[in-house]
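*Asks:*
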Amino acid sequence: MSYKIAVIPGDGIGPEIISQGLKVLDKVGQMYGHTFEYNTLLAGGCAIDATGEPLPNETIQVCKKSDAVILGAVGGPKWDTLPGNMRPEQALLGLRGQLGLFANLRPAVIYKELIDACPLKPEIVGDSIDIMVVRELTGGIYFGERGRRLGIKGQEAYDTEAYSVGEVERIAKIAFEIARKRNKRVTSIDKANILESSRLWREVVTDISSNYPDVTLDHLYVDNAAMQLIRAPRQFDVIVTSNMFGDILSDEASMITGSIGMLPSASLGENSFGLYEPIHGSAPDIAGQDKANPIATVLSIAMFLRYTLNLEREAQTVENAVNRVLEEGYRTGDIMSPGKTLVGTNKMGELITEKLSKI
Ligand code: IPM
Ligand code: MG
Numbered sequence: 165m166s167y168k169i170a171v172i173p174g175d176g177i178g179p180e181i182i183s184q185g186l187k188v189l190d191k192v193g194q195m196y197g198h199t200f201e202y203n204t205l206l207a208g209g210c211a212i213d214a215t216g217e218p219l220p221n222e223t224i225q226v227c228k229k230s231d232a233v234i235l236g237a238v239g240g241p242k243w244d245t246l247p248g249n250m251r252p253e254q255a256l257l258g259l260r261g262q263l264g265l266f267a268n269l270r271p272a273v274i275y276k277e278l279i280d281a282c283p284l285k286p287e288i289v290g291d292s293i294d295i296m297v298v299r300e301l302t303g304g305i306y307f308g309e310r311g312r313r314l315g316i317k318g319q320e321a322y323d324t325e326a327y328s329v330g331e332v333e334r335i336a337k338i339a340f341e342i343a344r345k346r347n348k349r350v351t352s353i354d355k356a357n358i359l360e361s362s363r364l365w366r367e368v369v370t371d372i373s374s375n376y377p378d379v380t381l382d383h384l385y386v387d388n389a390a391m392q393l394i395r396a397p398r399q400f401d402v403i404v405t406s407n408m409f410g411d412i413l414s415d416e417a418s419m420i421t422g423s424i425g426m427l428p429s430a431s432l433g434e435n436s437f438g439l440y441e442p443i444h445g446s447a448p449d450i451a452g453q454d455k456a457n458p459i460a461t462v463l464s465i466a467m468f469l470r471y472t473l474n475l476e477r478e479a480q481t482v483e484n485a486v487n488r489v490l491e492e493g494y495r496t497g498d499i500m501s502p503g504k505t506l507v508g509t510n511k512m513g514e515l516i517t518e519k520l521s522k523i
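One point on numbering: in our numbering, the residue at position 104 of the sequence shown is 268, and numbering is uninterrupted.
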């Protein structure tokens, strides 16, 4: 089969990690008989420089005609002082909103080979941590009404958190479906002791859970959840939560794995279309120096194969190759430890490509 992919390298280390990801994908294509046709598009800071806006219309139009989007990272200090609606990050919100990508899947997994990088005590970690954070991505306070106004206390600013029943239902279903393929536990995280939107969230998630009697549902308040993630992370299987809580908790979950340079993500809509990107940012301090870890991008490619194309074997082929390279002791700087072999971005991509082996 032939597939159309919109490629958005973005800023900072984006272009270098993306080229490693595509190298791996091309080899997988050759091995299993798929062709991938790439359209390289602008978004983020480089789009601001080239066109004056973070998300040119052409980018959106081409994405809409593609089977999936693969994105590197956007942003950097050069664009940090621009007004809110002109910042590179606006490209991400625009892509998510305009492409209807309401479900953000962020796995936080500790790799056996990298367990020493985990900042938690060994007795807390046990032999592994494997959490899937399912973050609602196109609703809540990031998309609600906002503004400035004259209030009774003087000038003020406001942002609004609102969730509709339908928005909560669809994200809850995704979380339960994913839990079914894992350890069958969903933890829904909210602030229902204070927020009305959270009370609705909790009601709707509970309603949906009746269709999944094989999956256990728990609810936690977000402050408690933030603590539990550090205190006893192994209690979590699938976490489902709102846009803002998911933004915060997914960073926390990725940190407990100790290797944010390893973590991929998928943003999905109603059908199989998706946007795939590493969780980490554009790391401008190391851009262009062949130091970035391309593994999160390579694993995002595996998620693309799994979730958009439904090619489980191909996805596992990629994940196995990453594991093999780690087992053989190759490391980029961010995951380096004594006795291992330090390699650059390009070499890491080559090693993974070499280790791909058909299953
Ligand atoms: C993320 C990022 C984005 C978000 C920013 C860059 C807009 O933090 O993907 O988690 O808040 O969603
Ligand atoms: Mg974030």
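The beta-carbon is built from N, C-alpha and C at its ideal position, and this holds for glycine as well.
Small disclaimer: the values here were computed from a predicted structure and weren't measured.
Just list the beta strand (DSSP E) runs in the segment 186-248, keeping only unbroken ones of 3 residues or longer that don't cross its boundaries, in chain order.
*Replies:* 199-204, 232-237
*Asks:* Would the beta-carbon of ASP244 be found less than 7 Å away from any heavy atom of the ligand MG?
*Replies:* no
*Asks:* My understanding is that GLY258 touches VAL238, with C-beta atoms under 8 Å, so please give their C-beta distance in whole angstroms.
*Replies:* That belief does not hold up - the Cβ atoms of GLY258 and VAL238 are roughly 11 Å apart, past 8 Å.
*Asks:* Select from LYS285, ASN268, ALA214 the residue whose C-alpha is nearest the C-alpha of PRO252.
*Replies:* ALA214
*Asks:* Could you give the distance in angstroms between the alpha-carbon of GLU331 and the alpha-carbon of ILE274?
*Replies:* 31 Å
*Asks:* Please go through the same chain and pick out, in chain order, the residues whose beta-carbon is closer than 6 Å to the beta-carbon of ALA339, but skip the five residues on each side of it.
*Replies:* VAL298, VAL350, VAL402, VAL404
*Asks:* With distance defined between alpha-carbon atoms, name the residue in ILE342, GLY236, ALA390 nearest to TYR376.
*Replies:* Nearest C-alpha to TYR376: ILE342.
*Asks:* Please state the DSSP three-state secondary structure of GLY410.
*Replies:* helix
*Asks:* Can you check which of these residues, LEU205, ALA460, ALA479, ILE459, is closest to SER468 by C-alpha distance?
*Replies:* Going by the sequence as given, residue 468 is Phe instead of Ser. Answer by Cα proximity: ALA479.
*Asks:* Please state the DSSP three-state secondary structure of MET500.
*Replies:* In the structure shown, MET500 sits in coil (DSSP, three-state: anything other than H, G, I, E or B).
*Asks:* Cutting at 6 Å between CB atoms, please list the residues of its own chain near ILE172, excluding the five before and the five after it.
*Replies:* LEU205, ALA207, LEU235
*Asks:* With 16 other CB atoms within 10 Å as the buried threshold, where does ALA396 fall?
*Replies:* exposed
*Asks:* Hey, SER362 and ASP371: beta-carbon distance below 8 Å or not?
*Replies:* no
*Asks:* When you compare only the Cα positions, how much space is there between ASN407 and PRO220?
*Replies:* 24 Å
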